[in-house]
Amino acid sequence: MASVSAMLIDGQAVEAQGGGVIDIENPADRSVIAQVPRGGDADVDRAVRAAAKAFESWRTVPALQRGRLLLTIADLVEAETEALARTVALETGNAIRTQARPEVRGTVDVIRYFGGVAGETKGETVPLGEHVLCYTRREPIGVVGGIVPWNAPVVLGTLKIAMSVAAGNTLVLKAAEDAPLGLLRVAQICARHLPPGVINLLTGYGEEAGAALARHPLVRKLSFTGSTEVGRLIMHAAADRIVPVSLELGGKSPAIVFPDANDDKTVDGVITGMRFTRQGQSCTAGSRLFLHRSIFDSFLDTLTAKLRTLKIGDPLDETTDMGSIINRKQFDRVCSYIEDGLRQPGRVLLGGLPPKAGPLAQGYFVEPTVFADVRNDWRIAREEIFGPVIVAIPWEDEADAVRMANDSHYGLAAYVWTNHLGKALRTAHAIESGWVQVNQGLGQFPGQSYGGYKQSGIGREYSLEGMLDSFTQRKCVTVNLM
Ligand code: NAD
Numbered sequence: 350m351a352s353v354s355a356m357l358i359d360g361q362a363v364e365a366q367g368g369g370v371i372d373i374e375n376p377a378d379r380s381v382i383a384q385v386p387r388g389g390d391a392d393v394d395r396a397v398r399a400a401a402k403a404f405e406s407w408r409t410v411p412a413l414q415r416g417r418l419l420l421t422i423a424d425l426v427e428a429e430t431e432a433l434a435r436t437v438a439l440e441t442g443n444a445i446r447t448q449a450r451p452e453v454r455g456t457v458d459v460i461r462y463f464g465g466v467a468g469e470t471k472g473e474t475v476p477l478g479e480h481v482l483c484y485t486r487r488e489p490i491g492v493v494g495g496i497v498p499w500n501a502p503v504v505l506g507t508l509k510i511a512m513s514v515a516a517g518n519t520l521v522l523k524a525a526e527d528a529p530l531g532l533l534r535v536a537q538i539c540a541r542h543l544p545p546g547v548i549n550l551l552t553g554y555g556e557e558a559g560a561a562l563a564r565h566p567l568v569r570k571l572s573f574t575g576s577t578e579v580g581r582l583i584m585h586a587a588a589d590r591i592v593p594v595s596l597e598l599g600g601k602s603p604a605i606v607f608p609d610a611n612d613d614k615t616v617d618g619v620i621t622g623m624r625f626t627r628q629g630q631s632c633t634a635g636s637r638l639f640l641h642r643s644i645f646d647s648f649l650d651t652l653t654a655k656l657r658t659l660k661i662g663d664p665l666d667e668t669t670d671m672g673s674i675i676n677r678k679q680f681d682r683v684c685s686y687i688e689d690g691l692r693q694p695g696r697v698l699l700g701g702l703p704p705k706a707g708p709l710a711q712g713y714f715v716e717p718t719v720f721a722d723v724r725n726d727w728r729i730a731r732e733e734i735f736g737p738v739i740v741a742i743p744w745e746d747e748a749d750a751v752r753m754a755n756d757s758h759y760g761l762a763a764y765v766w767t768n769h770l771g772k773a774l775r776t777a778h779a780i781e782s783g784w785v786q787v788n789q790g791l792g793q794f795p796g797q798s799y800g801g802y803k804q805s806g807i808g809r810e811y812s813l814e815g816m817l818d819s820f821t822q823r824k825c826v827t828v829n830l831m
């Protein structure tokens with residue numbers, strides 16, 4: 350029987366009041382590896398009340414002390430890197446070498462970053478004259494309701510923990526139902542060093558625990574990372590109670606390659622930017638590849654040759670490059686997009702529908718799939734597939750490439766590949782995305798203000814400015830000195 354991991358409420362390890370549990374599956378072989386409580390309304394209420402109570406004293410803890418606590422937590426999480434990476438690989442299907450271990454290292458970086466900048470939650474003075482002292486304070490908001498997805502579950506959840514702690518808020522965080530185990534471990538580490546109720550971690554389904562958290566009257570701020578569809582519901586819930594909301598949502602990010610960048614470095618960067626080694630399950634995946642017509646075929650020849658060398662299989666095997674899709678639902682969804690692409694008049698250069706027999710059929714494995722001669726108005730070019738599927742679209746005129754790149758309701762990330770400085774920066778400035786990378790395809794680093802344009806989100810996280818804007822509120826105090 351799989352072990353049951355408890356939720357964290359008010360510093361205590363607890364079961365769901367309703368008694369239900371959710372099976373956590375290893376998507377690489379579909380075995381049940383653990384169970385977590387199926388949190389509901391009553392658990393959300395208990396956690397939010399605990400967070401509201403804890404806020405009364407937590408808000409007065411000096412910022413530097415909050416930062417020091419985060420630095421201690423970072424050391425402890427770092428000491429558990431291997432165990433955490435293994436847990437993440439097991440629950441997500443992400444390969445340990447290429448994804449799970451780097452995710453845990455990135456998590457430690459995030460905690461350290463916010464531990465370091467906690468003291469920067471400072472205000473300003475306003476020069477109203479010698480007889481008036483006018484100053485602003487950056488005050489915490491109160492109980493934050495955080496909700497995170499499964500694709501990078503530990504770093505995305507810990508980001509909300511670190512920003513809340515650094516800013517002096519308390520947090521009720523709902524983990525993703527598919528991958529809560531690594532985050533539960535981080536929360537347990539936090540609980541050893543933070544007062545009870547400052548960080549609470551719930552497990553449960555979105556429509557139950559997530560929705561209850563979004564509408565709870567004592568939650569003063571919502572911070573959501575996930576799909577645009579659910580983001581819309583969260584924004585409605587925030588509107589009903591007029592609470593601030595940050596939304597980190599989906600994407601269908603363009604990668605524009607100019608003719609001079611037809612080289613191995615760019616192909617490698619496109620593969621990294623598409624997050625093939627996370628099975629394409631990344632909000633920032635550069636999944637629309639705009640290739641100049643003059644290099645279209647030769648670039649794709651190199652791309653497919655390199656993708657063929659990726660080793661797909663057991664996430665715990667150190668030689669594996671690419672693991673499995675998270676669950677049956679997402680696997681079926683990715684397959685339905687591939688089927689849709691196969692019905693179009695483009696070419697499939699690599700991949701396609703997953704094998705129905707053999708070792709890969711034991712789990713939710715999908716091979717890297719490359720569609721060529723795609724039109725930007727096809728469904729596979731417009732909707733977020735969240736799988737290892739890239740679509741290649743030819744262009745001839747720079748303005749046309751930018752127009753197609755911007756012809757999307759998303760605007761999260763973008764990639765520009767050229768050594769021509771003018772073209773690179775012109776394009777970077779013209780693209781409607783919150784983050785443009787030139788000649789690289791890396792993931793987010795703490796310190797960058799990260800967030801989306803258009804329906805990819807509202808607000809910025811990951812940085813000091815993001816934390817100040819999204820996790821504090823500004824109070825102005827005016828004192829008559831006469
Ligand atoms: P999702 O929106 O289905 O779920 C995200 C979280 O919301 C989960 O914890 C889920 O339980 C919860 N949820 C679902 N329905 C809810 C409801 N009605 N009320 C409250 N909570 C609810 O997304 P997913 O499938 O878990 O993750 C993939 C999506 O997340 C993709 O669209 C991806 O682009 C996006 N994402 C965005 C970022 C970013 O930083 N912009 C990062 C990672 C993932």
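Everything in the sequence shown is counted per this note's numbering, starting at 350 for the first residue and increasing by one.
The beta carbon of each residue, even a glycine, is placed where N, CA and C say it ideally should be.
- C-alpha gap between V492 and I548, whole angstroms: Rounded to the nearest angstrom, the gap between the Cα atoms of V492 and I548 is 10 Å.
- Query: Span of the beta strand (DSSP E) holding Q786?
  - Reply: Where Q786 is concerned, the enclosing beta strand (DSSP E) stretches over 784-787.
- Where T409 falls: helix, strand or coil (DSSP): Reduced to three states, the DSSP call for T409 is coil.
- The beta strand (DSSP E) enclosing Y764, as first and last residue numbers: 762-766 is the span of the beta strand (DSSP E), which, as asked, contains Y764.
- Query: Which word fits D650, buried or exposed, when buried means at least 16 other C-beta atoms lie within 10 angstroms of its C-beta?
  - Reply: By the Cβ neighbour-count rule, D650 is exposed, with fewer than 16 other Cβ atoms within 10 Å of its own.
- Item | Whether K601 touches E732 by CB criterion (8 Å) | Remark: C-beta atoms of K601 and E732 approach each other more closely than 8 Å.
- Query: From which residue to which residue does the alpha helix (DSSP H) around Y686 run?
  - Reply: Element bounds for Y686: 677-691.
- Message: Once DSSP output is grouped into helix, strand and coil, what is the label at F404?
- Response: Assignment of F404 by DSSP, reduced to helix, strand and coil, places it in the helix class.
- Looking at C-alpha atoms only, which residue of Q711, L550, G629, I496 is the closest neighbour of G575? The option with the nearest alpha carbon to G575 is I496.
- Among Y686, H778, P704, Y759, which has the Cα closest to the Cα of I739? Nearest option by C-alpha distance: Y686.
- Message: Just list the residues that DSSP pairs Y799 with in beta bridges.
- Response: The partner list for Y799 (beta bridge, DSSP) reads E810.
- Message: Excluding the 5 residues flanking A532 on each side, which residues of the same chain have their C-beta closer than 6 Å to its C-beta?
- Response: Note on residue identity: the sequence assigns Leu, not Ala, to residue 532. These residues qualify, in order along the chain: P502, V503, G506, A524.
- Query: Measuring from the CB of F714, is there a heavy atom of ligand 1 at a distance below 7 Å?
  - Reply: Taken from the Cβ of F714, every heavy atom of ligand 1 lies 7 Å or farther away.
- Item | Secondary structure of R379, DSSP reduced to three states | Residue state, collapsed to three classes: coil.
- For W744 and N725, the rounded distance between their alpha carbons: Using only the alpha carbons, I get a separation of about 11 Å.
- Task: Starting from the Cα of E667, find the closest Cα among R417, A412, A434, G388 and give me that residue.
- Result: The residue with the shortest Cα to Cα distance from E667 is A434.
- Cβ neighbour criterion (16 or more within 10 Å) applied to A610: Burial call: buried.
- So who's on the other strand from S883, going by DSSP bridges? Any property of residue 883 remains undetermined from this structure, which presents the chain solely from 350 to 831.
- Item | Length-filtered (3 minimum) beta strand (DSSP E) runs lying within the region 505-556 | Qualifying beta strand (DSSP E) stretches, in chain order: 519-523, 548-551.
- Task: Go ahead and label H769 buried or exposed: buried means 16 or more other beta carbons lie within 10 angstroms of its beta carbon, across all protein chains shown.
- Result: The residue in question, H769, is exposed, as its Cβ has fewer than 16 Cβ neighbours within 10 Å.
- Query: Under 8 Å, do L550 and L530 count as touching if we go by C-beta distance?
  - Reply: Against a cut-off of 8 Å, the Cβ pair of L530 and L550 comes out as no contact.
- Message: Considering only DSSP beta bridges, list what T827 is partnered with.
- Response: Paired residue(s): C483.
- Check the C-beta distance from A511 over to I460 and give it rounded, since I have them as a contact under 8 Å. Contact flag correct, Cβ pair sits at about 5 Å.
- Query: Can you find a heavy atom of ligand 1 that lies under 7 Å from the Cβ of G388?
  - Reply: Result no, Cβ not under 7 Å from ligand 1.
- Task: Could you tell me whether the Cβ atoms of I382 and E429 are closer together than 8 Å?
- Result: For I382 and E429, no; Cβs fall outside 8 Å.
- Query: For the candidate residues D359, K803, V363, whose alpha-carbon lies nearest to that of K402?
  - Reply: That would be D359, whose Cα lies nearest to the Cα of K402.
- Can you tell me the Cα-Cα spacing of F573 and Y799, whole angstroms? Distance between the alpha carbons of F573 and Y799 is about 14 Å.
- Task: Please check the pair R415 and A515, which I expect to be a contact at CB under 8 Å, by giving their CB distance rounded to whole angstroms.
- Result: Taking 8 Å as the upper bound for CB-CB distance, R415 and A515 are in contact here, some 6 Å apart.
- Message: Please state the DSSP three-state secondary structure of Q822.
- Response: In the structure shown, Q822 adopts extended strand secondary structure according to DSSP, grouped into three states.
- Query: For T615, is the beta carbon positioned less than 7 Å from some heavy atom of ligand 1?
  - Reply: Answer for T615: no, Cβ out of range of ligand 1.
- Query: For A710, which option in G389, D663, S812, P737 has the closest C-alpha, if you only look at C-alpha atoms?
  - Reply: Here the closest residue by C-alpha is D663.
- Message: With a threshold of 7 Å (Cβ to nearest heavy atom), would E781 be considered close to ligand 1?
- Response: The answer is no for E781.
- Task: Could you tell me whether the Cβ of P704 comes closer than 8 Å to any Cβ of chain C?
- Result: Although the question refers to chain C, the structure presented lacks it and comprises just one protein chain.
- Item | Where the alpha helix (DSSP H) through F645 begins and ends | Where F645 is concerned, the enclosing alpha helix (DSSP H) stretches over 645-657.
- Query: Where do the ends of the alpha helix (DSSP H) carrying V715 lie?
  - Reply: That residue, V715, is in no alpha helix (DSSP H); it is neither H nor E in DSSP.
- Item | Span separating the alpha-carbon of P703 from that of E578 | P703 and E578: Cα-Cα distance of roughly 27 Å.
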